[in-house]
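Residue numbers (the numbering used here): 2 to 99. Ideal placement from N, C-alpha and C gives every residue a C-beta, glycine not left out.
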């Protein structure tokens, strides 16, 4: 079994108390520590979360950024799970946004 080559800089983020002027996004940095190119395969997310990514592939000794933005439908607490799939592992990495 091979070890994961893509390292996530964070797997959870707490936005705290969101105000109208508060940023509603977080940048997740994915770094490739292996010796071959890897891919960002897919991102499974709830409807209240949108994302953009800087690239689809991650060269060796390089990084990409996945920006996740929350758009809660109602006031109050929220908790979202986002699954990020990369080519170096069989299972998704779960990122929790609260």
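Cβ shell of residue i (< 6 Å), same chain only, five flanking positions each side left out
{"i": "residue 47", "result": "81"}
{"i": "residue 2", "result": "Unreliable placement is indicated for residue 2, whose pLDDT of 44 sits below 50; no coordinate value is reported for it."}
{"i": "residue 7", "result": "31, 33, 39, 87 and 89"}
Residues near residue i in its chain [Cβ-Cβ closer than 8 Å; skip 5 each side]
{"i": "residue 25", "result": "16, 19, 70, 71 and 72"}
Range covered by the beta strand (DSSP E) that runs through residue i
{"i": "residue 39", "result": "39-45"}
{"i": "residue 16", "result": "Note, residue 16: premise wrong, no beta strand (DSSP E); not H, not E."}
{"i": "residue 95", "result": "94-98"}
{"i": "residue 9", "result": "7-9"}
Outcome for residue i when other beta-carbon atoms lying within 10 angstroms are tallied against a minimum of 16
{"i": "residue 39", "result": "buried"}
{"i": "residue 98", "result": "buried"}
Collapsed DSSP secondary structure at residue i in the structure displayed
{"i": "residue 91", "result": "coil"}
{"i": "residue 69", "result": "strand"}
Own chain, CB closer than 7 Å to residue i, minus 5 neighbours either side, in chain order
{"i": "residue 61", "result": "33, 35, 36, 37 and 38"}
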